[in-house]
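Novice: After the structure tokens below, expect a handful of questions from me.
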Amino acid sequence: MPGLIDVHVHLDEPGRTAWEGFDTGTRAASAGGVTTVVDMPLNNHPTTVSKETLKLKLEAAENKIYVDVGFWGGLIPENAHNTSILEGLLSAGVLGLKSFMCSSGISDFPLTTIHHIKEGLSVLAKYRRPLLVHSEIQQHSKKHLELNDKGGPRAYLTYLHTRPPSWEEAAIKELVGVTKDTRKGGPLEGAHVHIVHLSDSSASLDLIKEAKSRGDSISVETCPHYLAFSSEEIPNGDTRFKCSPPIRDAYNREKLWGAVLEGHIDLLSSDHSPTVPQLKLLEEGDFLKAWGGVTSLQFDLPVTWSYGKKHGLTLEQLSLLWSKKPATLAGLESKGAIAVGNHADIVVWKPEVEFDLNEDYPVFLKHPSLSAYMGRRLSGKVLETFVRGNLVFKKGKHAHAACGVPILAK
Ligand SMILES: NC(=O)NC(NC(N)=O)C(=O)[O-]
Ligand SMILES: [Zn+2]
Ligand SMILES: [Zn+2]
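Numbering (UniProt numbering), first residue to last: 1 to 410.
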């Protein structure tokens, strides 16, 4: 099958290699059949918001990457107002930009309002590259405060109610007010908006479907954790499951599967956003204070397949969601399909082979024990992974040389 392309990964280097890093992150990716990742501009320090900070990323990645790595740049208020910084970043080769409509939890990555987003899109239109948006806007409601009192911070429901679907809906409502200008002949033609990690399968999804049917240039991803888990099964205190937007109930999850299978959700990504054990607060189990982010990069393929086959997911759909569509989003013309002239990015795997993800299983991530998938029985074993024809992973072992290359847009 074509290798997987994971367009939403936080590798955290430079600056926070204790959280992940290029070496462990890309070893884990290749062990999971992922042949390309696109790295997010935040959680590394400094954040990737200028051509100078992109250069630091490239230096940090040198000789350390086992798969090909592209980079998203960050859109923040400072560079939204200063288009020469933004143009410098885009000219230096980021594949597109990423911004947050709520707090990111990272001090040098402040949130953007819809006004900043419009400014960013007008620059992106010229470069014909996408803007990826963490689409949640904080809403102030009394309801969650009452619930907070009941269960306390160790209760998953307490956390779930702090980030209701109305946060996603509010952000997406503002975004689709702007994406109408991306239509053919519109003032923002050439720009594209991609909603990252959609969790709400009701009103938010309806807004996206409507915008698509009008011809707006908009797409959406969801992540395996929203498709594999549900709020009902998350044990109190188990902060490995904490992420934003949150994992919602089983009814929502089944609707999300429906949207994936019907093609309303364009692609999947991991949103691998690890941290150090100290910040996950597993002993206290405080959902309100723990770092939000799921550790998952190595498990994209087996998790999607294990839970997907029960819902009728075909291998063709799997490949579209994890290779073809992500390549289109990131503008990777030579990747995403096995075809004459394309890069030979290939995963050899056995869908029917089951395995237990326990302490004996070789996980190459920096903090395997922080992954909510540990302890699960999965099916789909990766045997070999090739990146541009180079065998990088075979039967539990990596090639000696890290032969991945950075991908820069021209
Ligand atoms: N600072 C983060 O990496 N946040 C991430 N955290 C999650 N998803 O819980 C994200 O992608 O929003
Ligand atoms: Zn996010
Ligand atoms: Zn993320």
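The beta carbon of each residue, even a glycine, is placed where N, CA and C say it ideally should be.
#1: Enumerate in chain order the residues of its own chain whose CB-to-CB distance from A344 is below 7 Å, with the five nearest sequence positions on each side excluded.
#2: Can you tell me which of R240, I247, H192 puts its alpha carbon nearest to the alpha carbon of T162?
#3: When burial is assigned at 16 or more other CB atoms within 10 Å of the CB, is Q278 buried or exposed?
#4: Run the proximity test for residue 411: is its beta-carbon closer than 7 Å to any non-hydrogen atom belonging to ligand 1?
#5: Buried or exposed: E13, going by 16 or more other Cβ atoms within 10 Å of its Cβ?
#6: What residues are listed by DSSP as bridge partners for G74?
#7: Is it a yes or a no for the segment 300-318 touching the segment 184-193, going by three-plus beta-carbon pairs under 8 Å?
#8: Do you know whose CA, among T304, A60, E284, lies nearest R154's CA?
#9: With 16 as the cutoff for other CB atoms within 10 Å, does S213 come out buried or exposed?
#10: Could you tell me the alpha carbon to alpha carbon distance between L358 and M374, rounded to whole angstroms?
#11: Is D266 near ligand 3 - that is, is its Cβ less than 7 Å away from at least one heavy atom of it?
#12: With E384 and K397 assumed to form a contact (beta carbons below 8 Å), what rounded beta-carbon distance in angstroms separates them?
#13: Extract the residue ranges of the beta strand (DSSP E) inside the segment 11-43, only unbroken runs of 3 or more that lie entirely within it.
#14: For my contact list, L267 and Y226 are in at a C-beta cut-off of 8 Å; report their separation, rounded to the angstrom.
#15: Do the segment 127-142 and the segment 77-84 meet, that is, are 3 or more Cβ pairs less than 8 Å apart?
#16: Should T24 be labelled buried (16 or more other beta-carbon atoms within 10 Å of its own) or exposed?
#17: When you compare each of F22, V392, G215, V94 to R128 by their alpha carbons, which one comes out closest?
#18: For the segment 14-23 against the segment 37-48, do three or more pairs of beta-carbon atoms, one drawn from each stretch, fall closer than 8 Å, so that the two count as touching?
#19: Hey, G270 and P224 are a contact pair by Cβ (cut 8 Å); roughly how many whole angstroms apart?
#20: Determine the DSSP secondary structure at W305, reduced to helix, strand or coil.
#21: Check H161 in the structure and name its three-state DSSP category.
#22: Please go through the same chain and pick out, in chain order, the residues whose beta-carbon is closer than 6 Å to the beta-carbon of D181, but skip the five residues on each side of it.
#23: Answer with buried or exposed for Y251, where buried requires no fewer than 16 other C-beta atoms within 10 angstroms of its C-beta.
#24: By the DSSP assignment, the alpha helix (DSSP H) with P206 in it spans what residues?
#25: Determine the extent of the beta strand (DSSP E) in which T222 is found, giving its start and end residues.
#26: Rounded to whole angstroms, what's the CA-CA distance from K57 to S166? Just pull it up for me.
#27: Apply the 10 Å Cβ neighbour rule to residue 417 and answer buried if 16 or more other Cβ atoms are within range, or exposed otherwise.
#28: Would you give the residue range spanned by the alpha helix (DSSP H) that K255 belongs to?
#29: Determine which residues share a DSSP beta bridge with H134 and list them.
#30: Give me the Cα-Cα distance between I208 and V176, rounded to the nearest whole angstrom.
#31: Measure the C-alpha to C-alpha separation of K64 and G152 and round it to an integer number of angstroms.
#32: So does D39 have its beta carbon nearer than 7 Å to some heavy atom of ligand 3?
#33: Roughly how many angstroms lie between the CA atoms of A259 and I265, to the nearest whole one?
#34: Would you mind reading off the limits of the alpha helix (DSSP H) that contains S122?
#35: When every heavy atom of ligand 3 is checked, does at least one fall within less than 7 Å of the C-beta of S273?
#36: When the Cα of E254 is compared with those of D108, I114, L313, which residue comes out closest?
Specialist: The relevant details are as follows:
#1: Numbered from its first residue, the sequence shown carries residue 344 at position 344. If we look at A344 and ignore the five residues flanking it on each side, its Cβ neighbours are F386, R388, G389.
#2: As a first step, residue 162 must be located in the sequence shown, where it is residue number 162. With distances taken between CA atoms, T162 lies nearest to I247 out of R240, I247, H192.
#3: Sequence index remark: in the sequence shown, residue 278 carries index 278 (1-based). Counting Cβ neighbours within 10 Å, Q278 comes out exposed, since fewer than 16 surround it.
#4: Residue numbering for the chain in the displayed model covers 1 to 410; residue 411 lies beyond these limits and cannot be assessed.
#5: Your numbering for residue 13 matches position 13 in the sequence shown. Buried: at least 16 other Cβ atoms inside 10 Å.
#6: For the purposes of this step, residue 74 is identified with residue 74 of the sequence shown, where counting begins at 1. Note: G74 sits in a beta bridge opposite K98.
#7: When Cβ pairs closer than 8 Å are counted between the two stretches, the segment 300-318 is seen not to touch the segment 184-193, the count staying below three.
#8: Mapped onto the sequence shown, residue 154 falls at position 154. For R154, the closest alpha carbon among the candidates T304, A60, E284 is that of E284.
#9: For the purposes of this step, residue 213 is taken as the residue at position 213 of the sequence shown. In the assembly as shown, S213 is an exposed residue. Its beta-carbon has fewer than 16 other beta-carbons within 10 Å.
#10: Within the sequence shown, the letter at position 358 stands for residue 358. Within the sequence shown, the letter at position 374 stands for residue 374. The displayed chain sequence assigns Asn, not Leu, to residue 358. Using only the alpha carbons, I get a separation of about 6 Å.
#11: Position 266 of the sequence shown, counted from the start, is the residue given in the question as residue 266. D266 Cβ: outside cutoff for every heavy atom of ligand 3.
#12: In the sequence shown, counting from the first residue as 1, residue 384 sits at position 384. In the sequence shown, counting from the first residue as 1, residue 397 sits at position 397. Not really, about 10 Å apart at Cβ, beyond 8 Å.
#13: The beta strand (DSSP E) runs of length 3 or more contained entirely in the segment 11-43 are, from start to end of the chain, 34-39.
#14: Against the sequence shown, residue 267 aligns to sequence position 267. Against the sequence shown, residue 226 aligns to sequence position 226. A Cβ-Cβ distance of about 13 Å is found for the pair L267 and Y226, leaving them out of contact under the 8 Å criterion.
#15: No, because fewer than three Cβ pairs between the segment 127-142 and the segment 77-84 fall closer than 8 Å, the two stretches do not touch.
#16: Counted from its first residue, the sequence shown places residue 24 at position 24. Burial call: buried.
#17: Mapped onto the sequence shown, residue 128 falls at position 128. Considering only alpha carbons, the answer is V94.
#18: The segment 14-23 vs the segment 37-48: in contact.
#19: Stepping through the sequence shown from its first residue, residue 270 is reached at position 270. Stepping through the sequence shown from its first residue, residue 224 is reached at position 224. The sequence shown places Ser at residue 270, rather than the Gly named in the question. Contact between S270 and P224 holds, since their C-beta atoms are separated by about 7 Å, short of 8 Å.
#20: Stepping through the sequence shown from its first residue, residue 305 is reached at position 305. Looking at W305 - three-state DSSP - the assignment turns out to be helix.
#21: In the sequence shown, residue 161 corresponds to position 161, counting from 1. Three-state DSSP puts H161 in a helix.
#22: The residue labelled residue 181 in the question sits at position 181 within the sequence shown. The residues are P187, L188.
#23: As a position in the sequence shown, residue 251 is number 251, starting the count at 1. Around the Cβ of Y251, a 10 Å sphere holds fewer than 16 other Cβ atoms; the residue is exposed.
#24: As a first step, residue 206 must be located in the sequence shown, where it is residue number 206. Note that residue 206 is Asp in the sequence shown, not Pro. Per DSSP, D206 is one residue of the alpha helix (DSSP H) stretching across 203-214.
#25: Along the sequence shown, read from residue 1 onward, the residue named residue 222 stands at position 222. Its beta strand (DSSP E) spans residues 218-222.
#26: The residue you call residue 57 lines up with position 57 of the sequence shown. The residue you call residue 166 lines up with position 166 of the sequence shown. Roughly 35 Å separates the two Cα atoms.
#27: Residue 417 is absent from the structure shown; the chain starts at 1 and stops at 410.
#28: Position 255 of the sequence shown, counted from the first residue, corresponds to residue 255. Where K255 is concerned, the enclosing alpha helix (DSSP H) starts and stops at 250-261.
#29: Here residue 134 refers to the residue found at position 134 when the sequence shown is read from its first residue. According to DSSP, H134 bridges with F100.
#30: Looking up residue 208 in the sequence shown gives position 208. Looking up residue 176 in the sequence shown gives position 176. Near 7 Å, if we compare the C-alpha coordinates of V176 and I208.
#31: In the sequence shown, counting from the first residue as 1, residue 64 sits at position 64. In the sequence shown, counting from the first residue as 1, residue 152 sits at position 152. Put simply, the backbone Cα of K64 is about 43 Å away from that of G152.
#32: For this step, residue 39 is matched to residue 39 along the sequence shown. It does not: the Cβ of D39 is nowhere closer than 7 Å to a heavy atom of ligand 3.
#33: As a working mapping, residue 259 is identified with position 259 in the sequence shown. As a working mapping, residue 265 is identified with position 265 in the sequence shown. Distance from the CA atom of A259 to the CA atom of I265, rounded to whole angstroms, is 6 Å.
#34: Against the sequence shown, residue 122 aligns to sequence position 122. Taken as a continuous stretch (DSSP letters only), the alpha helix (DSSP H) holding S122 covers 114-127.
#35: Here the question's residue 273 lines up with position 273 in the sequence shown. S273: yes, Cβ under 7 Å from ligand 3.
#36: By 1-based counting over the sequence shown, the position of residue 254 is 254. Taking the Cα of E254 as reference, the smallest distance to any Cα among D108, I114, L313 is reached at L313.
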